[in-house]
Every structure is written in structure tokens, then in C-alpha cells.
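Numbering (UniProt numbering), first residue to last: 1 to 259. Glycine is no exception: its CB is placed at the ideal position from the N, C-alpha and C atoms.
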Amino acid sequence: MEMVILPTRRRDLFTGLRRPARGLLLFGPPGNGKTMLAKAVASESEATFFNVSASSLTSKWVGEAEKLVHTLFMVAVSRQPSVIFMDEIDSIMSTRLANENDASRRLKSEFLIQFDGVTSNPNDLVIVIGATNKPQELDDAVLRRLVKRIYVPLPDGNVRRLLLKHKLKGQAFSLPGGDLERLVRETEGYSGSDLQALCEEAAMMPIRELGANILTVKANQVRPLRYEDFQKALAVIRPSLSKSKWGDLEQWNEEFGSN
């Protein structure tokens, strides 16, 4: 908030040493809303949002990728306050290697040059937000510019409870409080997208029971969801993040994270 939203509202307060950082890294397991978080920040600050993917900055023509990066930052400056969001930033800003091809090197160099250009002018308000689930693969020069590094972890028990309640809203279900709490405990290690897939799988269980009657049954005659449906779904939908990768992210956050 103090990096993006408040400086757009009170530029007079955020000058000198209070000048906000221009680089933010959102890192953590996939499927936990990093993109949605970046969009929400841009919307709240009334900033122009540029959603950039690796494919949009690459080209088979020599020198074209650098021109695309230059144009991106030029337009962002003209439409400021702006947020340039780069999802899976590690795919184009990974550590530079000795055997790396020239096109990739030039792309990274141009990005860093343009980044420095918008951050050197105190009157420009262009924020670069990168998102990744592999922060350890990012180039050191990129990390140095992404000063704030915010860990977006897997949802804890309280968040999983809220997510499950939200996803079941509008759906007929019979899930007493005790069953809900059991489900919350059994979904430890699930991401937001994993929980979505779990609920969708569980919701199909009553439909599959209909068999041939599916063509004639009325929608209000389909039985409500039960805890047993989620038990069956848990056997099919497993967490998408391994414990080892989860541990790697936790360790990286301890060493380099801002929170």
C-alpha cells in the first residue's frame, strides 16, 4: 500500500528518502492469486495496468524484443501512474549463463536499462511488479531492482475455511461445522486453485450418481453436497506443490523476503 497506492494519492509526502521503491516481487506457490493481487493494487491506485507475458516480449527478428521492451516502458511513462506486471518473470529474467544466447542477453539488458530509466526520474511513477514461483532462479541484477519481495504463501486454516465457504456459496450443500473443520484440516498444503479444483470435483459427485436419469431429473432434485463427496474428491485432487518446493520457498523467504 505504501509503495503503490499512497504515493499516487499524496505525491507531496513521498519525496526524498520517502520516495517509494519502484520494484516489487510477489513470490510464492502457484495458484494463490498473485496476478489478482497485482490487478487489485493497480485498480485501487487508479494506475494503468500493463499485464506482460514472456511471449509478448520475444520475437524471432533480431532487435525486435528490445524495441518491444523500450516501447512498453515509454507507453507506461506516458500513461503514468502505471503498473507493469510481469507474470512468471523468471522465464525471461533468469540468471545469466555463459552459454546463454545473445537475444536473451540483449532482452535482459534492455529491460534493466529501461527499469533504471524510469526509476531515475523522481517525477515518474511507474512500478514494476514481477510474480514468480521460482525466485531462486532470478538474475541478481533483477533482484537488486525488485527491492520489495513479498511472499504470498499457501492459505492457512483460516483462509482455507473462508475460501471453502466462498466457493460453496450458492451451492446446495449439507456440511455441518464439524465436517467443514475436518475438511479444512485435510486440505493443508492446498493452494487457492487446488481448492477450486477440489470443490468442482466434489460438486460432480451427485451428478455422477444420476446415471441415465441425468437427462430427465430437475435441477432442484439433485441432492446437496456432502462431506463424503469431498472425501472422494480428495483422493483425486492432490496438492499441486510438493513439500520440498514448499520448503524451498519458505527458506528463500527467510533469506531474501521483505516480510
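C-beta atoms of residue i and residue j nearer than 7 Å
i	j	result
V41	V4	yes
R106	E66	yes
S193	L154	no
S56	T8	no
L146	G16	no
E181	A233	no
I237	A197	yes
G157	P239	no
Q114	F73	yes
Nearest-angstrom beta carbon gap, residue j and residue i [assumed within contact, 8 Å]
i	j	result
E137	T95	6 Å
G31	R149	The Cβ separation is near 19 Å, so there is no contact.
A54	S91	4 Å
V184	R161	5 Å
V69	V118	Not quite, the Cβ-Cβ distance comes to about 12 Å (not below 8 Å), so this is no contact.
G28	N133	7 Å
L241	L195	With 8 Å as the limit, L241 and L195 do not qualify as a contact, their Cβ atoms being about 13 Å apart.
D229	M205	4 Å
Beta-carbon proximity list for residue i, same chain, < 6 Å, skipping 5 on both sides
i	result
A131	L26, K34 and D87
N253	Y151
I89	G130 and T132
P135	F27 and W252
T187	R160
L6	none
F14	P7 and P20
C199	K167
Close-in-space but distant-in-sequence residues of the same chain around residue i (CB under 7 Å, 5 per side omitted)
i	result
D139	M93, S94, T95, R96 and K108
V217	L210
N259	I150 and Y151
R79	T48
R19	P122
T58	A65
Close-in-space but distant-in-sequence residues of the same chain around residue i (CB under 8 Å, 5 per side omitted)
i	result
G63	R106
E209	R223
K243	G189
Q251	none
E110	A65, E66, V69 and H70
R11	L125
D116	R145
If we count Cβ pairs, one from each stretch, closer than 8 Å, do we get three or more for the region 27–47 versus the region 67–83? yes
May I have a chain-ordered list of the alpha helix (DSSP H) segments no shorter than 4 residues that lie completely inside the region 82–132? 102–120
Can at least three beta-carbon pairs, one atom from the region 204–224 and one from the region 171–182, be found at a separation below 8 Å? yes
Taking contact to mean 3 or more Cβ pairs, one atom from each stretch, closer than 8 Å, check whether the region 117–124 and the region 154–170 are in contact. no
In the region 155–240, which residue ranges form an unbroken beta strand (DSSP E) of at least 3 residues, counting only runs that do not cross its ends? none
Secondary structure, beta strand (DSSP E): runs of 3+ residues fully inside the region 27–83: 48–52
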